[in-house]
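In our numbering, the protein residues as written are 2 to 591.
The beta carbon of each residue, even a glycine, is placed where N, CA and C say it ideally should be.
One structure is given below, encoded as C-alpha cells.
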Amino acid sequence: MNFQLRVRGVFLCASVMIFCLGIVGSALADTITFRIVALTGDPAPGTPPDVDFSLFFRDPVIDGAGHSAFVARLTGPDVGDSNDDGIWTEGSGSLALLVREGNQTPGLPDGVLFATCHAGFLCSSVMNDVGDTAFLISLSDGSGSIWVHRSGSLNLVARTGTQAPGLPAGVNFAVLRGPVLNDAGQTAFSSFLEGPGVDATNDFAVWSEGLGSVALVARLGDQAPGTPEGVVFGDGFNRLSSWAVGGAGQTPMQAYLSGPGVIPGTGGNAQGIWSGGPGSLELVARAGDPAPGLGEGVNFDRFSSALTTIINGAGQTSFFAYLIGPDVDSTNDQSIWSEGSGSLVMVARKGSHAPGTAKDVNFFRLIPGAMLNGAGQTAFVAYLIGPGVDQTNNSGVWSEGSGSLELVAREGSPAPGTAEGVIFSSIFPGPVTNAAGQVAFTASLTGKGVDGSNNFGVWAEDRNGLLTLVIREGDRIEVAPGDVRTVLRVFMTTGETFVSGGEDGRGINFNDAGQLVFRVIFTDFSGGILVSSFSTPGDLDGDGSVGVRDLLILFANWGPCADCDDCPADLDGDCVVNTADLLILFANWG
C-alpha cells in the first residue's frame, strides 16, 4: 500500500517537474560509455588455447547493432609468419574468427590457404548494417580473391585467374580491387583483366552483385550510356573509378571518355559520373553539361576522384565538381553537389558565404570527400577566407544533419568536453555521418594544459545534436574492474579514401545509433578495440529512454552515495543523489 502511494506521488511530482522544466530548460548532452571489444593479451576466439591477440592494425568497422570487425595479429604456441594474422567479427552477436592466415579456403582445392594482403598484413574488411562482412585477400597459390560472409557462411565472390562473368571465354580476372558491400549483402568491385583480345583499351571493368550474382556493370571500351554513339569509356590513360555501392547494387563510377565529339582538358567534355547496376547504368553528370541553377553558360568542368563520388541506400549520389563559365574563376570554381533532395542541387560553392560565420566570411576551399547519409544529407570540411580569418580559425565542419547546412565545429573555437581555453587547432578532413544526421570527426587541440599527450581526440554529435567529446588522448579508461589504463593514441579512419556516409558500401566506423568504433594504444603499449555509445543522462536502466523505471531507481538511491566512484544515480557527480539529479533526469524525460 505504501509503495503504491509512493508511486502515485512520484507521478504527480513527475508531471509537475516536467511542466516546469519544459518552460526553463531543455535536454542535456548525452554522456559517453565504452564497451571493450578486445584487448591485446586476450585469448583470440577460434584459435587454440594460449593463442592471444598481440596487435591490432588497420581500423575496425561497425554494423548497425554496434558489432565490430577488425584485423589482429596473434602470438602463442605454433604461431608463426604463415598463420599470425586474422579477421574477427561480432556480426553474429559474439566475437568469432572469420578468417585466419594459413587456414584452408572453403570450396577450393586442398592446400589452397588464406594468405595475406598488402605489406604482409590481411586486408581490412567492410561490414554492412546487418553484420555481413566482405574482404579482399591473397591465397597461398598466388591468386587474389574477394569473399563475403553472409547468412552464416563464407562465400567466394571472385578470384584472379578465373572467368570474368559477362565477358568472352578466357577473359579472366587479373588484379582485384575492393570490395564494397551494401545492406542486402551484395558486393561491388573492380578488376584488371587478362586474356584473348584484352589490351590497354579494355583491360579494366566494374562488377556488382546487384542482380543476385556477379555481373558486369561497365568495361573500358564500352559505349558510355547517355553519350552519342561511339563515345566509349577510357581515354588511354585513366581507368574506371568506383568505390561505392547503393542499396540495390547501384555502383557510382567516374570515367574519362574518348570518341566522336569528345574534347579533353579544361573546358571539354571528356569526363563523367554514372550510377546504376548491370544493364542499368545511367549518366549523372558530364563535363561540359550545364551546372543546374547556376545560370547560362556555367558548366561542369571536371570532377574529383571517384573516392569522392558517394551513394546512399536510396541510390542518391553526391560528388565534387569544378566549374567553368561566365564569372567563374579561381575564387568560386569548386562545388559540392547532391541528389539527396530528389534532384541534383548544389550544396556548397567556393566563394559563397559559410553558414555559421560572420558576414563576408566565405568558403575558400572545399575539401573533396563530402559524405552523403541515408537521409540524403551531406557533411564536409572546408577552409575559410574573410574578415578575422587567419590560420588559427580558417577551417571547419559543415553538415545538413539539422535539415539545412550548418556549422558543426570550427578551428579556433572551444572544444566541447575540454577545459576552458582549450580550442580546436586543426580539424581533419573526412568527417563521418549517419542517417540520424549526426557527424563525427577527429581534431587536434591547443591551449592551456595541452601537450603531446592529450592534443588529439574524437568528437561526435549526440542524439540532441550537441557536439560531444568521445575520447581524447590522455583519457583514463577502465578496461576491466580495477584495470584503468591511459590512452596514448587513438586511431579512427578519416580522410576521403575510407570515410563513409553509412550507406555507400564502404566500411563504416559510425552507425545510425551513434556508436563509434576505434582502436587505441595505451601508455603501457597494450592495445584495444573500443565501441563508444551515447547514454542519455537519467537513463539508469539502460533501455535508451528516460522514464518511470529510471525515476524509481533514482529515488531508491536518494541521499549520499556509499561509493562516489560507483553511484550511477548521481547524475551531476557530487556524490549525493538529490534534487539536482532529479532535475537532470526530468530534463531528459522521454
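Length of the line joining the Cα atoms of residue i and residue j
i, j, result
"Gly237", "Leu194", "15 angstroms"
"Arg520", "Met493", "7 angstroms"
"Ser306", "Gln255", "7 angstroms"
"Ala45", "Thr76", "9 angstroms"
"Lys351", "Ala380", "15 angstroms"
"Glu497", "Asp142", "With a pLDDT of 41 at Glu497, under the threshold of 50, the predicted position of this residue should be treated as unreliable, and no value is reported."
"Thr32", "Phe535", "6 angstroms"
"His150", "Ala185", "12 angstroms"
"Leu212", "Leu555", "54 angstroms"
"Val181", "Ser259", "28 angstroms"
"Gly103", "Pro110", "14 angstroms"
"Gly529", "Ile522", "7 angstroms"
"Phe442", "Val459", "6 angstroms"
"Ser27", "Leu584", "Confidence in Ser27 is poor, its pLDDT being 42 and thus under 50, which makes the residue's placement unreliable; the coordinate value appears in the next sentence. Roughly 11 angstroms between the two C-alpha positions."
"Ala249", "Gln272", "25 angstroms"
"Val232", "Val451", "57 angstroms"
"Leu137", "Phe190", "10 angstroms"
"Gln251", "Arg178", "17 angstroms"
"Leu217", "Ala206", "7 angstroms"
"Glu474", "Arg490", "6 angstroms"
"Ala349", "Asp86", "44 angstroms"
"Val8", "Gly591", "Residue placement at Val8 is flagged as unreliable, the pLDDT there being 31, under the threshold of 50; the coordinate-derived value follows with that caveat. Taking the straight line joining both Cα atoms gives about 18 angstroms."
"Gly422", "Gly448", "6 angstroms"
"Ala436", "Gly404", "12 angstroms"
"Asp406", "Thr117", "A small correction: the amino acid at residue 406 is Leu; Asp does not occupy that position in the sequence shown. Distance between the alpha carbons of Leu406 and Thr117 is about 43 angstroms."
"Asp564", "Val547", "23 angstroms"
"Arg220", "Ser445", "43 angstroms"
"Thr358", "Ser242", "36 angstroms"
Residue i beta carbon near the ligand SAM (any heavy atom closer than 6 angstroms)
i, result
"Gly352", "Within the structure as shown, the ligand SAM is missing, as the structure has no ligands at all."
Opening and closing residue of the beta strand (DSSP E) in which residue i lies
i, result
"Ala70", "Ser69 to Thr76"
"Ile657", "With the chain represented from 2 up to 591, any question about residue 657 goes unanswered, as that position is not in the structure."
"Pro180", "Asn173 to Leu182"
"Asp53", "Asp53 to Ile63"
"Asn363", "Asn363 to Leu367"
"Leu194", "Thr188 to Glu195"
"His150", "Gly145 to Arg151"
"Leu295", "Premise fails: Leu295 is in no beta strand (DSSP E) and is neither H nor E."
"Asn84", "Premise fails: Asn84 is in no beta strand (DSSP E) and is neither H nor E."
"Ile37", "Thr32 to Leu40"
"Ser93", "Taken as a continuous stretch (DSSP letters only), Ser93 belongs to no beta strand (DSSP E), as it is neither H nor E."
"Phe457", "Phe457 to Glu462"
"Gln272", "Gln272 to Ser276"
"Gly397", "Ser396 to Ser400"
Identified DSSP bridge partners for residue i
i, result
"Ile522", "Arg490 and Gly528"
"Gln105", "Leu114"
"Pro561", "Val577"
"Arg507", "Bridge partners of Arg507: none, in fact."
"Ile312", "Thr318"
"Arg220", "Ala206"
"Glu230", "The partner list for Glu230 (beta bridge, DSSP) is empty, contrary to what the question assumes."
"Ile478", "Arg486"
"Ala245", "DSSP lists no partner for Ala245."
"Arg160", "Ser146"
Extent of the continuous alpha helix (DSSP H) to which residue i belongs
i, result
"Leu324", "Careful: Leu324 lies outside any alpha helix (DSSP H), inside the beta strand (DSSP E) at Thr318 to Ile325."
"Leu586", "Thr580 to Ala588"
Sequence-distant residues of its chain with Cβ nearer than 6 angstroms to residue i (five each side left out)
i, result
"Asn558", "Ala570 and Val578"
"Gly132", "Asp64, His68 and Gly92"
"Pro78", "Asp51"
"Gly42", "Asp53"
"Val409", "Val398, Ser400 and Val440"
"Thr318", "Pro253, Ser276, Val285, Ile312 and Glu340"
"Cys562", "Cys568, Asp571 and Cys576"
"Met347", "Ser336 and Trp338"
CB contact below 7 angstroms: residue i versus chain C
i, result
"Ser95", "In the displayed structure, chain C is absent; only one protein chain is listed."
Close-in-space but distant-in-sequence residues of the same chain around residue i (CB under 7 angstroms, 5 per side omitted)
i, result
"Pro226", "Trp275, Leu282, Glu283 and Leu284"
"Val329", "Val299"
"Gly326", "Gly298, Val299 and Asn300"
"Asp582", "Leu555, Ala570, Asp571, Leu572 and Asp573"
"Ile264", "Asn270 and Ala271"
"Asp223", "Val233 and Phe234"
Beta-carbon contacts of residue i that lie in its chain and below 8 angstroms, excluding the five residues immediately before and after
i, result
"Leu345", "Val285, Ala286, Pro293, Trp338 and Ser339"
"Gly171", "Gln164, Gly196 and Pro197"
"Asp463", "Ala30, Asp31, Gln439, Thr469, Gly515 and Phe535"
"Thr332", "Lys351 and Gly352"
"Asp542", "Arg550, Asp551 and Ile554"
Cβ-Cβ separation, residue j to residue i (assumed contact under 8 angstroms), whole Å
i, j, result
"Pro432", "Val398", "5 angstroms"
"Met372", "Gly483", "At roughly 40 angstroms, the Cβ-Cβ gap does not stay under 8 angstroms, so Met372 and Gly483 are not in contact."
"Leu531", "Val62", "With a Cβ gap of about 13 angstroms, Leu531 and Val62 do not count as contacting."
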